[in-house]
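Worksheet for the structure shown next.
In the working numbering, the protein residues as written are 23 to 318.
Here it is as structure tokens:
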């Protein structure tokens, strides 16, 4: 048990060094929770790693079956005898991560509901148009009825007065029907505009998702190309030898060794995408300009 604890603790400290350096140059909200979960296997058991900035401190922890097996605070390994002192903050961090996951699922469900509502709006707009056409036809029929009533009034003088009164009421109703038909048409037009807006928004969301995927693919391609250049320049013996890499606008470090200015300028010119931000790579975990990407 002591050997496993020491091994987990050392892994936490190793992950802390590069991440802390990158985060130190990156502004963030005071109360923002920056975390990631990575599932690895040690001694045949699934482990969950969590790293986050919380109330001004950096916490790294590892859990197995929801039980804490390793803890470090601001890069300092905390012995198991003192874990109880951190139980409250650990519970708060895990609760925040749980809420973030629930919120992500809610956002996805809301996007789906918006698309479904756009479809319903289109159907309703079509029904409103059809109703408006029926109202117009009905108004025409009523106007024709009014004309027949006037003709009947001429044929029968005694009934003429009553028929004229009825004809007037029919005309007034016809006018109301026409006004209602106009309002129905206007509502149908508004419904069509709203449905179009909903469709355009859904299309923009799809375009953004595609751009994000393309950016991730480009990051992977450039990292592979850059690794090949490092091998060609004899900075590392082979592609598998790259353990860690960090690069920004001021320096380039490969496997813990700061590279000469000439090497830094060469790679900055060839890979400005990495040099313009804070780019780091360590043990299969990559961070491009603040974006964590995990690879098993």
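A virtual CB, placed ideally from N, CA and C, is assigned to each residue, including glycine.
Return the bridge partner residues of residue i from the DSSP annotation.
i           : result
residue 81  : 74, 95
residue 187 : Its beta-bridge partners do not exist; DSSP assigns none.
residue 280 : 275
Quick one: what's got a C-beta closer than 7 Å to residue i's C-beta in the same chain, skipping five residues either side?
i           : result
residue 134 : none
residue 137 : 224
residue 25  : Low local confidence applies: a pLDDT of 45 at residue 25 is under 50, so the model's placement there is unreliable, with the coordinate-based value given in what follows. For residue 25, where only same-chain residues beyond five positions count, there are no Cβ hits under 7 Å.
residue 188 : 171
residue 105 : 90, 93
I think residue i touches residue j, with their Cβ atoms under 8 Å apart; what is that distance to the nearest whole Å?
i           : j           : result
residue 210 : residue 140 : Going by Cβ atoms, the distance from residue 210 to residue 140 rounds to 16 Å, so no, they are not a contact pair.
residue 181 : residue 174 : 7 Å
residue 157 : residue 228 : In fact, because the Cβ distance is near 38 Å, the residues do not count as touching under 8 Å.
residue 255 : residue 143 : Contact flag wrong, Cβ pair sits at about 59 Å.
In chain order, what residues of the same chain lie with their CB nearer than 8 Å to the CB of residue i, ignoring the 5 residues before and after it?
i           : result
residue 111 : 76, 77, 81
residue 275 : 266, 267, 268, 269, 281
residue 264 : 249, 252, 258, 276, 277, 303
residue 114 : 76
residue 51  : Residue confidence for residue 51 is low, a pLDDT of 41 falling below 50, so the modelled location carries little weight and cannot support an answer.
residue 260 : 253
residue 273 : 280, 281, 286
Return the chain-ordered list of same chain residues with a C-beta closer than 6 Å to the C-beta of residue i, the five sequence neighbours on each side being excluded.
i           : result
residue 41  : Only weak support is given to the placement of residue 41: the predicted model assigns it a pLDDT of 47, under 50, and the question is left unresolved by the model.
residue 107 : none
residue 123 : none
residue 200 : 161
residue 196 : 161, 164, 165
residue 296 : 269
residue 238 : none
residue 88  : none
Is there at least one Cβ from chain D nearer than 7 Å to residue i's Cβ?
i           : result
residue 129 : Here there is only one protein chain, and chain D is not present.
Contact the segment 188-197 vs the segment 161-179: 3+ CB pairs below 8 Å: yes
The segment 91-109 contacting the segment 75-83, beta-carbon criterion three pairs below 8 Å: yes
Touch test, the segment 123-130 against the segment 193-209, Cβ-Cβ under 8 Å, three pairs minimum: no
Cβ contact (3+ pairs, closer than 8 Å) linking the segment 236-250 and the segment 220-227: Taking 8 Å as the limit for Cβ pairs, the verdict is that the segment 220-227 does not touch the segment 236-250.
Contact the segment 143-154 vs the segment 212-219: 3+ CB pairs below 8 Å: yes
Three-pair Cβ contact test at 8 Å for the segment 264-271 versus the segment 287-301: yes
3-residue-minimum beta strand (DSSP E) runs that sit fully inside the segment 108-175, ordered along the chain: List check, beta strand (DSSP E) in window: nothing returned.
Complete runs of the alpha helix (DSSP H) confined to the segment 195-219 [at least 4 residues]: Fully enclosed alpha helix (DSSP H) runs of no fewer than 4 residues are not present anywhere in the segment 195-219.
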